[in-house]
Amino acid sequence: MNAEQQLLQKIQQFVDGIDDQIAVLDLTGLIIIVNVSWMSFAKEIRHDPKEFGIGVNYLDVLQEEGRPLPTEIVQEVIYEKTVYQQTYSYQIGDENRWYKMSVSPVVNDKDETYAVMVRHIDITDVVEYKNEVYEVLESITDGFLGISEDHTFFYVNDRAAEILQMDTEELLGRDYFEVFPDLEGTKFADGFYRAVDDKETVRMEEYYPRLDAWYQVHFYPRQRGGCSIYFQNIDERKRTEEQLRFSAYYDELTHLSNRKYLDQAIDDMIERASTQGQTFAVLFVDLNDFKRINDLYSHAEGDLLLEEMAKRLKNFLGSEHFIARFGGDEFVVLIENRDGKAGHNREMFSKLLLREIQRPIQIADNEHTVSASIGISYFPDDGETKGDLLRAADTAMYSAKRIKTKGDEVKTYEKQMHTDLSYRVKLLEDFSAALENDDIYFVVQPQVEMDTGKIIGAEFLTRWLHPEFGMISPMTFIPIAEESGLMTPLTEKLLDQVMTSLTVWQNDDGYKGSVALNLPTALLSNRTFMEQILYWIDEYKIPKGSLEVEITESVQLFSTLNTQDHLAMLKEAGVLISIDDFGTDYSNFSYLMQLPVDKVKIDRSFVRQIGVDQRSEDVLEALILLSEKLGYACLAEGVETEEQRDFLVNKGCRFAQGYFYFKPMNITSFSEQLSSK
1 MNAEQQLLQK IQQFVDGIDD QIAVLDLTGL IIIVNVSWMS FAKEIRHDPK
51 EFGIGVNYLD VLQEEGRPLP TEIVQEVIYE KTVYQQTYSY QIGDENRWYK
101 MSVSPVVNDK DETYAVMVRH IDITDVVEYK NEVYEVLESI TDGFLGISED
151 HTFFYVNDRA AEILQMDTEE LLGRDYFEVF PDLEGTKFAD GFYRAVDDKE
201 TVRMEEYYPR LDAWYQVHFY PRQRGGCSIY FQNIDERKRT EEQLRFSAYY
251 DELTHLSNRK YLDQAIDDMI ERASTQGQTF AVLFVDLNDF KRINDLYSHA
301 EGDLLLEEMA KRLKNFLGSE HFIARFGGDE FVVLIENRDG KAGHNREMFS
351 KLLLREIQRP IQIADNEHTV SASIGISYFP DDGETKGDLL RAADTAMYSA
401 KRIKTKGDEV KTYEKQMHTD LSYRVKLLED FSAALENDDI YFVVQPQVEM
451 DTGKIIGAEF LTRWLHPEFG MISPMTFIPI AEESGLMTPL TEKLLDQVMT
501 SLTVWQNDDG YKGSVALNLP TALLSNRTFM EQILYWIDEY KIPKGSLEVE
551 ITESVQLFST LNTQDHLAML KEAGVLISID DFGTDYSNFS YLMQLPVDKV
601 KIDRSFVRQI GVDQRSEDVL EALILLSEKL GYACLAEGVE TEEQRDFLVN
651 KGCRFAQGYF YFKPMNITSF SEQLSSK
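Each step along the sequence shown adds one to the number in full-length UniProt numbering, with nothing skipped, and position 452 is 452.
What follows is the structure, given as structure tokens:
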């Protein structure tokens, strides 16, 4: 056997292992090698498969079928070693099938062409797939990539090419990782292999450095192997989420950490200190003269001063210490015992901080000098929880503020500083009796459609008139109710009043709106309480769409397993679901979109910044747009001025609640308000 025969034998072995139909021709067009697939196909389309067999001139066969292979193309393949490809259809019985024929040279070790290989690849599935989905895939706004079982691109819609900033021709027929080698070892590769190898449907959101963009990608396994990939650029949504995430953990005005971030930081510090047997200090800082600046100059100038003070404090503290804006003109600083120094060094540090605060600040043409009062508490001596530590530092700060003696602006918490604590204990003792004797009662604040001024709903609010201390803020007594386990009887009393009043208003005043109440997360997770609500709805015969419960975003809301089930129960009973204080907490949109939400309530902190802070206005506009995109009704809280109303209406917010329209009123007054309309 000579070398050429050995080579032909190797070619025969090679082509027999390939599913495509392959024949090898000599330089005159005679068939000298065929594989099994070639003969099977010949048998399928010809009565006598020998007409396609060895010794037949294949160029003559193509001529007879009206698909001649021009002599110049054959010559080009032989002498210039090019590859010729042609797509054609072929009728087999009642079925029309599509093939791609390729003609390529076979060369010996001297790089001489001594044969030609003809290969027919069945592409019927690809063509039919294209015909079926072409119009759909070209009309969708997502990018679409069709990946075959050998990991090559067989389809790319125009949108995909546009997003990837490539031409379709750059992708078709090429391997996925040949085009995108930088995806190997990334989450994109993981999703690809899970879809192709494990037949999983995979959804992900991931950043792609090469294009400097975020993408939402869906990988779907294909029955024939490979996968389909739908993807879209989500940079704009990510920017919006980042804005909201910033708002959740940082103060909009000063860009310092906010209360939520502070809570988390103290919890983390407590855990570290407990594990390592160390201590740390909590510094509560209050600017003494801030109200005077607001009153004498303007709130805008006061805000500028706060911004400048925040920068100064952050620069002074550096990255070693944590600082947060607690609210208004109050800040909290956390100092860990990294170097093991005694507590008096922290007091010295506090005095240095105070000296920094007292340096004059120039705002426009005005120079301001402010002082501060600082209270210090220590873990674990003054408390083992963030609440106790903050209360102790706050109490010490008020002690320093009350003394107002130079040199006494910094106070460390002492046990006798218990006035506030005693007050709190007194409220706790009196709370249960206040529920019984109606010192705790309810008022109503109407909600309106801003375009018409028409009342479309009302929120029930809880008030406590203490016989000794006067009106107690809900910010004070609600935490007491939660800590004392009295939220259930308080909410039961509220629900009874809500349903009784709603029934009267609907029957006597023809009221068609809804009535809202706040439902604590702890009770939302209580199935017995949920069933009690459903019983009351049935007992009072509350029409669907009349009762609305407001829930507040929180980690507990999303981490409680039965939250979604209980909200679904309420939704099925016709209860409207609204998200209260929308935008002030971390918004987990993946979970939020799984909840049956009807409405979001924009927190008053954003509304208050209209006409004052451009960044807050931008975030507010983004929240309104986001609620619209998610299909939620949008209501703004705390609307107090015409400017705020006009801004909200112009940005697409339809509903409002606030002093510009109505102050909270007693139940009888609300009924009279309805009767007068």
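Using N, Cα and C, we set each Cβ at its ideal position, and we do this for glycine too.
Quiz item: Quick one: is Gln21 buried, meaning 16 or more other Cβ sit within 10 Å of its Cβ, or exposed?
Solution: What you label residue 21 is simply residue 21 of the sequence shown in a count that begins at 1. Gln21 comes out buried.
Exercise. Mind checking which residues open and close the beta strand (DSSP E) that includes Met117?
Key: If you number the sequence shown from 1, residue 117 lands on position 117. From DSSP, the beta strand (DSSP E) with Met117 extends over Thr113 to Asp122.
Quiz prompt | Nearest residue (CA-CA) to Thr552, options Trp505, Tyr511 and Asp603 | solution = Position 552 of the sequence shown, counting from 1, holds the residue named residue 552. For Thr552, the nearest C-alpha among the options comes from Asp603.
Self-check item: One or two residues paired with His368 in a DSSP bridge
Solution: If you number the sequence shown from 1, residue 368 lands on position 368. Answer is Ile361.
Quiz item: Counting pairs of beta carbons, one from the stretch 245-265 and one from the stretch 177-188, are three or more of them closer than 8 Å?
Solution: No contact exists between the stretch 245-265 and the stretch 177-188.
Exercise. Note the first and the last residue of the continuous alpha helix (DSSP H) segment covering Gly191.
Key: Indexing the sequence shown from 1 puts residue 191 at position 191. Lys187 to Val196 is the extent of the alpha helix (DSSP H) around Gly191.
Exercise. Give me the Cα-Cα distance between Glu4 and Phe153, rounded to the nearest whole angstrom.
Key: In the sequence shown, residue 4 corresponds to position 4, counting from 1. In the sequence shown, residue 153 corresponds to position 153, counting from 1. Each residue's Cα considered, the two are about 37 Å apart.
Quiz item: Is it a yes or a no for the stretch 428-448 touching the stretch 481-496, going by three-plus beta-carbon pairs under 8 Å?
Solution: The stretch 428-448 makes contact with the stretch 481-496: 3 or more CB pairs, one atom from each, lie closer than 8 Å.
Quiz item: Going by beta carbon distance, what residues of the same chain come within less than 8 Å of Lys663, once the five residues before and after it are set aside?
Solution: Counting from 1 along the sequence shown, the entry for residue 663 is found at position 663. Non-local beta-carbon contacts of Lys663 in its own chain, meaning distances under 8 Å to residues more than five positions away in sequence, involve Gln445 in chain order.
Quiz item: If you measure from the beta carbon of Ala481 to each beta carbon in chain C, is any gap under 7 Å?
Solution: Any reference to chain C falls outside this structure, which holds one protein chain only.
Exercise. Mind the definition here: the stretch 341-361 touches the stretch 223-236 only if three or more C-beta pairs lie below 8 Å; say whether that holds.
Key: no
Quiz item: Going by beta carbon distance, what residues of the same chain come within less than 8 Å of Gly545, once the five residues before and after it are set aside?
Solution: If you number the sequence shown from 1, residue 545 lands on position 545. Contacts found: Ser514, Gly574 and Leu576.
Quiz item: Does DSSP classify Thr462 as helix, strand or coil?
Solution: Indexing the sequence shown from 1 puts residue 462 at position 462. DSSP places Thr462 in strand when its eight states are reduced to three.
Exercise. Starting from the Cα of Tyr220, find the closest Cα among Asp198, Val56, Pro181 and Asp60 and give me that residue.
Key: Reading the sequence shown from its first residue, position 220 is the one you call residue 220. When each option's Cα is compared against that of Tyr220, the closest is Asp198.
Quiz item: Between the C-alpha atoms of Tyr208 and Gln165, what's the straight-line distance to the nearest angstrom?
Solution: Taking the sequence shown and counting its residues from 1, one reaches residue 208 at position 208. Taking the sequence shown and counting its residues from 1, one reaches residue 165 at position 165. C-alpha separation (whole angstroms): 13 Å.
Exercise. Name the residue from Ser525, Leu570, Glu308 and Val15 whose alpha carbon lies nearest to the alpha carbon of Asp538.
Key: Residue mapping note: residue 538 aligns to position 538 of the sequence shown, counting from 1. Checking every option, the nearest Cα to that of Asp538 belongs to Leu570.
Quiz item: Going by C-alpha distance, which of Leu317, Lys314, Asp581 and Glu76 is nearest Gly105?
Solution: Translated into positions along the sequence shown, residue 105 becomes position 105. A small correction: the amino acid at residue 105 is Pro; Gly does not occupy that position in the sequence shown. The shortest C-alpha separation from Pro105 is found at Glu76.
Quiz item: The beta strand (DSSP E) with Arg654 in it runs from where to where?
Solution: Against the sequence shown, residue 654 aligns to sequence position 654. It is not in any beta strand (DSSP E) - Arg654 carries neither H nor E in the DSSP assignment.
Quiz item: Ser257 by DSSP, collapsed to three states: which one?
Solution: For the purposes of this step, residue 257 is taken as residue 257 along the sequence shown, with counting starting at 1. Correct three-state label for Ser257: strand.
Quiz item: Just checking, does the stretch 297-315 make contact with the stretch 425-435 on the three C-beta pairs under 8 Å criterion?
Solution: These segments do not touch.
Quiz item: So, helix, strand or coil for Arg355, using DSSP?
Solution: Position 355 of the sequence shown holds residue 355. Arg355 falls in the helix class under three-state DSSP.
Quiz item: Applying the criterion that 16 or more other CB atoms from any shown protein chain within 10 Å of the CB defines a buried residue, is Tyr659 buried or exposed?
Solution: Here residue 659 refers to the residue found at position 659 of the sequence shown. Exposed is the label assigned to Tyr659, since fewer than 16 other Cβ atoms lie within 10 Å of its Cβ.
Self-check item: Nearest-angstrom Cα separation, counted from Val179 out to Leu171
Solution: Reading the sequence shown from its first residue, position 171 is the one you call residue 171. Reading the sequence shown from its first residue, position 179 is the one you call residue 179. Their Cα atoms are separated by approximately 7 Å.
Exercise. Identify the continuous alpha helix (DSSP H) that holds Tyr176 and give its terminal residues.
Key: Residue mapping note: residue 176 aligns to position 176 of the sequence shown, counting from 1. Tyr176 to Val179 is the extent of the alpha helix (DSSP H) around Tyr176.
Self-check item: Rounded C-alpha distance that separates Asn258 from Val332
Solution: Here residue 258 refers to the residue found at position 258 when the sequence shown is read from its first residue. Here residue 332 refers to the residue found at position 332 when the sequence shown is read from its first residue. Roughly 10 Å separates the two Cα atoms.
Quiz item: Can you give the Cα-Cα distance for His255 and Asp618, rounded to whole angstroms?
Solution: Here residue 255 is taken as the residue at index 255 of the sequence shown, counted from 1. Here residue 618 is taken as the residue at index 618 of the sequence shown, counted from 1. Rounded to whole angstroms, His255 to Asp618 spans 15 Å at the Cα level.
Quiz item: Does DSSP put residue 691 in a helix, in a strand, or in coil?
Solution: Nothing can be reported for residue 691, as the shown portion of the chain is limited to 1 through 677.
Exercise. Report the rounded CA-to-CA distance for Phe670 versus Asp508, giving the unit in angstroms.
Key: Here residue 670 refers to the residue found at position 670 of the sequence shown. Here residue 508 refers to the residue found at position 508 of the sequence shown. Rounded to whole angstroms, Phe670 to Asp508 spans 13 Å at the Cα level.
Quiz prompt | Unbroken beta strand (DSSP E) run spanning Gly327, endpoints | solution = On the sequence shown, position 327 is the one that residue 327 refers to. Element bounds for Gly327: Phe322 to Gly327.
Practice problem: Tell me Phe379's beta-bridge partners as DSSP assigns them. | Solution: Taking the sequence shown and counting its residues from 1, one reaches residue 379 at position 379. In DSSP, Phe379 forms a bridge with Phe280.
Self-check item: Cys55 versus Glu80 - alpha carbon distance
Solution: By one-based count along the sequence shown, residue 55 stands at place 55. By one-based count along the sequence shown, residue 80 stands at place 80. It is Gly, not Cys, that sits at residue 55 in the sequence shown. Answer to the nearest angstrom: the Cα atoms are 25 Å apart.
Quiz item: In three-state DSSP terms, what is Tyr84?
Solution: Counted from its first residue, the sequence shown places residue 84 at position 84. Here Tyr84 sits in strand by DSSP.
Self-check item: Neighbour-count burial assignment, His344, 16 or more Cβ in a 10 Å radius
Solution: Start at 1 with the first residue of the sequence shown, and residue 344 comes out as number 344. Here the model assigns His344 a pLDDT of 49, short of 50, so the residue's position is not dependable and the matter cannot be decided.
Quiz item: From which residue to which residue does the beta strand (DSSP E) around residue 678 run?
Solution: Any property of residue 678 remains undetermined from this structure, which presents the chain solely from 1 to 677.
Quiz item: Thinking just about the alpha-carbon of each residue, which of Val74, Gln91 and Thr462 is nearest to the one in Val116?
Solution: For the purposes of this step, residue 116 is identified with residue 116 of the sequence shown, where counting begins at 1. Measuring from the Cα of Val116, the nearest candidate turns out to be Val74.
Quiz prompt | Start-to-end residues for the beta strand (DSSP E) that takes in Leu304 | solution = Here the question's residue 304 lines up with position 304 in the sequence shown. It is not in any beta strand (DSSP E) - Leu304 instead sits in the alpha helix (DSSP H) that spans His299 to Leu317.
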